[in-house]
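**Q** Right, I'll just put the structure down here and ask away after.
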Amino acid sequence: MTDHPDGECARARVRCSGCGLSVPIVTMYGGPMADCRLCCFAWAVHHDPHLCWLRSNHFDADVEEVLAARVLDLVPRLIAARIVLGEIADAL
């Protein structure tokens, strides 16, 4: 992954649910994917290069601020989804 502010990602690995080994995150089919060569299993992953870079460079305060901003950004969508699901439940 080269979308990090200072270049290469040092922590772009996830654990395979099939064999349990740590596998790299690579760009395949236009997005980040984990590709386990042992299991022949590949899956799409969410990899935020900026947040990953902040974590790997120990900017804990910045990471918390980024996460708080993301949660606050999602609150209106979550409330709207709950309203829609409530309407669906009432219709049943």
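Everything in the sequence shown is counted per my numbering, starting at 1146 for the first residue and increasing by one. C-beta atoms are modelled at their ideal positions from N, C-alpha and C, and glycine is treated no differently.
1. Measuring CB to CB, does V1211 end up less than 8 Å from A1179?
2. Going by DSSP, which residues form a beta bridge with P1177?
3. With respect to the beta strand (DSSP E) encompassing V1238, which residues constitute its N-terminal and C-terminal limits?
4. For V1171, collect the residues of the same chain with a Cβ closer than 7 Å to its Cβ; drop the 5 residues on either side in sequence, then sort them by chain order.
5. Can you tell me the Cβ-Cβ gap for G1176 and A1189, rounded? I've got them flagged as a contact below 8 Å.
**A** In terms of the structure at hand:
1. no
2. T1172
3. A question about residue 1238 goes unanswered here, because the residues of the chain that appear run from 1146 up to 1237.
4. M1178, D1180
5. 6 Å
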